[in-house]
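Taken in order, the sequence shown gives residues 1 to 229; the numbers are from UniProt numbering.
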Amino acid sequence: MPVQTTLHYVFDPLCGWCYGAEPLISAASGLLPVVIHGGGMMAGANRQKVSAQLRDFVMPHDRRIAEYTGQPFGRNYFEGLLRDHDAVFDSQPPIAAILAAEQLAGRGLELLARLQRAHYVEGRRIADDAVLKAIATEMGLPAQAFASALLEMDTQSHMRTSRAFMASVGGQGYPTLVLEREGRLQVIDIGPFLGKPDAFVQWLDREFYLSAEAKVSNLPFCTPDGCGS
């Protein structure tokens with residue numbers, strides 16, 4: 001039988017490259033357990049109100065991510081949210097919501113993907129409590145239990161632990177993916193696989209023998225050489 005392997009995913013819901021990597025994470029979750037670690041890239045002192053300067057900074061990166069990964073960015077994001085100067089980009093509330101969904105129903109990864117679409121395609125304010133609760137309700141999570149879990153979540157402690165974990169493995173930023181196998185940790189550079197979820201899953205299976213059917217293969221696979229931003 002294959003040795004149990006876990007994929008650790010250090011993410012931020014407001015990280016464009018994490019959104020670009022979402023199809024890979026989704027595909028990998030069908031092969032092995034994925035443990036999520038929200039880092040809080042734009043939390044606390046790093047939270048930002050939407051401004052013309054912020055829009056000018058993020059748009060070139062977003063367009064590159066779209067081109068490189070094939071992930072869609074909606075008009076409601078570019079011409080709506082990024083022009084909404086009353087909106088605030090704050091990672092902590094959506095991370096709290098993701099942790100609440102994970103605690104209640106093991107659906108944290110699913111909520112992360114839904115919030116990414118809400119942000120980058122629909123242009124919704126995913127730092128707003130009302131938006132988070134509405135999306136959780138859309139997913140069928142119990143409203144009262146979700147609201148209670150949201151209030152009780154120690155998100156700051158989780159973010160500190162996530163950042164410490166990322167530093168301990170030598171992660172350079174978001175996303176950081178780490179395979180844990182028999183107590184050993186290995187950082188995986190997903191750069192060569194962005195936009196290619198099937199190739200990513202096949203590589204994982206061949207390299208780490210994650211399924212009972214996996215066999216040694218002489219087929220070439222991509223060597224990580226950096227993702228960039």
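The C-beta atom is built at its ideal place from N, Cα and C for all residues, glycine as well.
Status (buried if at least 16 other CB within 10 Å, exposed otherwise) for residue i
| i | result |
| --- | --- |
| S91 | buried |
| P23 | buried |
| T223 | Confidence at T223 is low in this model, with a pLDDT of 24, below 50, so its placement is unreliable and the value that follows should be read with caution. Classification of T223: exposed, given that the 10 Å Cβ count is below 16. |
| T6 | exposed |
| L81 | buried |
| H158 | buried |
| D12 | buried |
| S168 | exposed |
| Q71 | buried |
| R125 | buried |
| P94 | buried |
| A45 | exposed |
Spatial neighbours of residue i in its chain, beta-carbon cut-off 6 Å, leaving aside the 5 residues before and after
| i | result |
| --- | --- |
| residue 230 | Residue 230 is absent from the structure shown; the chain starts at 1 and stops at 229. |
| V216 | For V216, the predicted model reports a pLDDT of 33, less than 50, meaning its position is unreliable; a value from the coordinates is still stated below. Excluding residues within five positions, none has a Cβ falling inside 6 Å. |
| E79 | none |
| Y120 | Y19, F73, Y77 |
| C15 | M41, Y174 |
| R55 | L82 |
| L185 | V169, V178 |
| F208 | T5 |
| T155 | Q92, I95, A96 |
Contact set for residue i: own chain, Cβ-Cβ below 8 Å, skip 5 residues either direction
| i | result |
| --- | --- |
| A143 | K133, A136, T137 |
| F193 | L24, A199, F200, W203, C222 |
Beta-bridge pairing of residue i - partner residues as DSSP gives them
| i | result |
| --- | --- |
| Q48 | F89 |
| L150 | Paired residue(s): none; L150 is not in a bridge. |
| Y68 | The partner list for Y68 (beta bridge, DSSP) is empty, contrary to what the question assumes. |
| F208 | None, per the DSSP bridge assignment. |
| L179 | L7, Q186 |
| V35 | H8 |
7 Å CB neighbourhood of residue i in its chain, flanking five on each side removed
| i | result |
| --- | --- |
| S51 | H85 |
| V10 | H37, G39, S162, F165, M166, G171, Y174, P175, T176 |
| S29 | L109 |
Residue i and residue j closer than 7 Å at C-beta
| i | j | result |
| --- | --- | --- |
| A118 | V88 | no |
| A96 | L150 | yes |
| R181 | G39 | no |
| V131 | H8 | no |
| A100 | R107 | no |
| P197 | A21 | no |
| I147 | L104 | A small correction: the amino acid at residue 147 is Ala; Ile does not occupy that position in the sequence shown. Their beta carbons are not under 7 Å apart, which means A147 does not touch L104 by this criterion. |
| T69 | G195 | yes |
Checklist entry - Does the count of Cβ pairs from the stretch 111-118 and the stretch 45-61 closer than 8 Å reach three? => result Between the stretch 111-118 and the stretch 45-61, the count of Cβ pairs shorter than 8 Å is below three; the stretches do not touch.
Next on the checklist: Tell me whether the stretch 63-72 and the stretch 95-111 touch, counting them as touching only if at least three CB pairs, one residue from each stretch, are closer than 8 Å.
Outcome noted: As far as the Cβ criterion goes, the stretch 63-72 does not touch the stretch 95-111, which means the pair count is below three.
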